[in-house]
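Residue numbers (UniProt numbering), protein chains in the order written: chain A, 1 to 304; chain B, 1 to 304. Since the structure comes first, as structure tokens, the remarks are kept for the end.
2 protein chains.
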Amino acid sequence: MLKPLHLLTLKAAVRSGSFAIAARDLGYTASAVSQQISALEKETGLVLFEREAHGIRPTAAAHRLGELGDRVLAALGDLDQHVRELATGVTGRLRLGSFPTAGVRLVPPALSAFAESHPRAQIQLEEGEPEELVAALGDGDLDVALVYEYGLSPRPWPDGLTHHRLLTEDLVLLRARDSGLSAQLPHLSRARWITSREGTDGARSTVRLCAAAGFEAAVAFRSNNYDVVRELVSAGLGVAVVPALGHAPKDSIEATRLTQRSAHRTVLALHRSENSNPLLTPLLASLRRAVPVDEPFLHPHGRD
Amino acid sequence: MLKPLHLLTLKAAVRSGSFAIAARDLGYTASAVSQQISALEKETGLVLFEREAHGIRPTAAAHRLGELGDRVLAALGDLDQHVRELATGVTGRLRLGSFPTAGVRLVPPALSAFAESHPRAQIQLEEGEPEELVAALGDGDLDVALVYEYGLSPRPWPDGLTHHRLLTEDLVLLRARDSGLSAQLPHLSRARWITSREGTDGARSTVRLCAAAGFEAAVAFRSNNYDVVRELVSAGLGVAVVPALGHAPKDSIEATRLTQRSAHRTVLALHRSENSNPLLTPLLASLRRAVPVDEPFLHPHGRD
DNA sequence: GCACCAGGGCAAGAGATACTTACGCTACTG
DNA sequence: CAGTAGCGTAAGTATCTCTTGCCCTGGTGC
């Protein structure tokens, strides 16, 4: 394989028409240039220069090889540039997964801030529930995962993952505004309940809160889509406990923070500890800055 | 500057997902691969692999660098291919100069044969008189020069030039068919003469032949274009002595070979002896094959 | 549970590369 | 005709790069 350095030397020699001058230009000895050219001639089988007693004469082949070599040298230059950009995080790719609610509430503002500072970076988005995302992290299919953790059912995150707590949401009781229902859990034992789908942490959380209040929740409707849940509540079909991010203020709905211990959900960003993606740190910063402040029921975390 | 070999190794490691396998594929030791990758990481400032106890995990940066490296490797591969073509003479450039008559009579058939065997080679054509062409050869602006040499005025070709005699032309006396003029020089002392322009070997040659025949030629018309000369002869405006290549059989003209010693012109191909253009030899062969055989007044030379 | 093995990192040594120094040769220059 | 500039070659040296040998880790088989 031809060596790029030899091509550079060749070009310098062709340009200057002299090994001695090329050597000076490149910081070599004339002898070094002579040897490099000899090696190049031997390797290519071309005669690149005609030697005369007092100088050299570049062959047509030398000119041609110089031109052809430009392509290689240009590609190498480009590569260097790209590498520099990759290393500094100016460019690059990062795969971000999040659970649906965060995908709507947190990710877009975070990315709009991120895109300001890293206009040429590529972010690939995935949606999924925490278990899937964590599995994807482990497989290396994801760089960062936005997941949640209910106070009542803490997760055993696998080893090797670094977690950054972004915010804590209160769990909020939603009632139709004129339903006449109490805001106190113990008084809602006869109410119809609306929860996330069976087996989810959200549903489990509601059930446990009710159990702690002394009754078994009668779950009538299940949906993982908080927009749907709110509509159901609004229509007077039941009450629900949702995390603050799942709640959007609405005239027809009364929202009340639950005061029970552990009645909260934490949103955190996970990544494999060894992940060295240069975009990782700036993205985490953007996520943190995207957490709304001064919003009811939402409590941002500082850097941890 | 990043080393192409490192890029190859990187790609092998990414492809196989293991330094050990990459090493086997490339004929290295696992340690060599490890060191190459370390060097690459140090040079780029990127983390290319996450090391685990029992294997490695290519980083996004590694994948990206591999893709980017393809450009460089492809350019290098192309270059190798081009070099091989240049070295074998499949491709390449050659500059051929010739005097006008040969440009018309010899070069086209030679090139059509040459193009058969070297379809991708580029031949650049120049026209000029022998002195200019020889100067261009010396300056390296020309690879091959087709020149002529009159028997009566041999040229002192500069040193360092190799000459290949292609053919010898008889000098031919042209008369209008019904002019009633003799074919013997001594009887043409009163005729009007047509020659090439003053100072040319052609004109000098005619003048000397006439002088040897005992008279001074009365030159009435001069043209370097043999087509014009023939028209003038045809119109009965005078007689001319032209080399065989400058003669095309014509009903209205009678052509007679001059029998004097030295009444001939030699056409030869010159090139600098050190010229190593791989196209040189095949082009000379084509030129030699393009010399007409069995044409009156024309005598091809064998290889000399 | 324990020996074994595969994969990778590290250190040291050997071999190859690449550069410098020194010298010889040739042709231009004053 | 000596001096000099330019290139080539040979020898020495420094640097780079690969191999060898050993350690560490974690998975596997008995």
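Built from N, CA and C at the ideal position, the CB exists for glycine as well.
CB of residue i within 8 Å of CB of residue j, strictly
i	j	result
B/L183	B/G238	Here residue 183 of chain B is Ala; the residue named in the question, Leu, does not match the sequence. Their beta carbons are not under 8 Å apart, which means B/A183 does not touch B/G238 by this criterion.
B/V172	B/V242	yes
A/Y148	A/V233	no
A/L152	A/S205	yes
A/F297	A/R257	yes
B/A213	B/L185	yes
B/A290	B/A110	yes
B/A30	B/A39	no
A/L2	B/L76	yes
A/A255	A/L174	yes
A/A248	A/R265	no
A/G69	A/L7	yes
B/P4	B/V72	yes
A/P58	A/G27	no
B/E274	A/E43	no
B/L125	B/L79	no
A/D170	A/A263	yes
A/S276	A/G236	no
A/E127	A/P100	yes
Beta carbon proximity, residue i to chain A, threshold 8 Å
i	result
B/V47	yes
residue 362 of chain B	The structure shown has nothing for residue 362 of chain B, since chain B only spans 1 to 304.
B/L86	yes
B/A227	Here the sequence assigns Asp to residue 227 of chain B, which means Ala is not the residue at that position. No, its Cβ sits nowhere closer than 8 Å to a Cβ of chain A.
B/V33	no
B/T44	yes
B/E126	no
B/L188	no
B/D78	yes
B/L2	yes
Nonlocal neighbours in the same chain, by C-beta distance under 6 Å from residue i, ignoring five residues either side
i	result
B/N224	S196 and R197
A/G202	S196
B/V107	S98
B/R155	E149
A/F215	S189
CB contact below 8 Å: residue i versus chain B
i	result
A/G69	yes
A/T9	no
A/R24	no
A/A75	yes
A/H6	no
A/R64	yes
A/E50	yes
A/L166	no
A/R93	yes
A/V72	yes
A/V83	yes
Sequence-distant residues of the same chain with beta carbon closer than 7 Å to residue i, five excluded per side
i	result
B/E85	T91
B/A61	L46, V47 and L48
B/A32	A23
B/S252	A176, R177 and S234
B/G66	L10, K11 and V14
A/E41	V47 and L48
B/N25	The residue asked about is misnamed: residue 25 of chain B is Asp in this sequence, not Asn. The answer, listed in chain order, is A12 and S16.
Proximal residues to residue i (C-beta, below 8 Å), its chain only, five neighbours per side dropped
i	result
A/T88	P278
B/V134	A145, V147, W157, P158, L161 and L270
B/R222	I194, T195, S196, R197, E198 and A203
A/P300	L166, L167, R288, V291, P292 and V293
B/L280	L94, D143, V144 and H271
A/F114	A121, I123, P282, L283 and S286
B/E295	A244
Cβ-heavy atom distance, residue i to the ligand ATP, below 7 Å
i	result
B/E129	This structure lacks the ligand ATP, and indeed carries no ligand of any kind.
- Query: Just by C-beta distance, which residues in the segment 265-294 of chain B are closer than 7 Å to chain A?
  - Reply: Answer set for the segment 265-294 of chain B: E274, S276 and N277.
- Which residues, taken in chain order from the segment 134-161 of chain B, show a beta carbon closer than 9 Å to some beta carbon of chain A? When CB distances to chain A are screened at a threshold of 9 Å, the residues of the segment 134-161 of chain B falling below it are G140 and D143, in chain order.
- Task: Please go through the UniProt domain "HTH lysR-type" (6-59) of chain B and give each complete alpha helix (DSSP H) segment of 4 or more residues, from N-terminal end onward.
- Result: If only uninterrupted alpha helix (DSSP H) runs of at least 4 residues are considered, those enclosed by the UniProt domain "HTH lysR-type" (6-59) of chain B are 19-26 and 30-44.
- Query: What runs of the alpha helix (DSSP H), each 4 residues or longer, lie entirely inside the segment 243-296 of chain B?
  - Reply: Listed in chain order, the complete alpha helix (DSSP H) runs (minimum 4 residues) inside the segment 243-296 of chain B are 280-290.
- Message: Closer than 7 Å between beta carbons: that is the criterion. Which residues of the segment 107-123 of chain B meet it against chain A?
- Response: Hits within the stretch: zero.
- Scan the segment 88-162 of chain B and note each continuous beta strand (DSSP E) run of 3 residues or more that stays entirely inside, going in chain order. Runs of the beta strand (DSSP E) lying entirely within the segment 88-162 of chain B and spanning at least 3 residues, in chain order: 91-98, 120-127 and 144-150.
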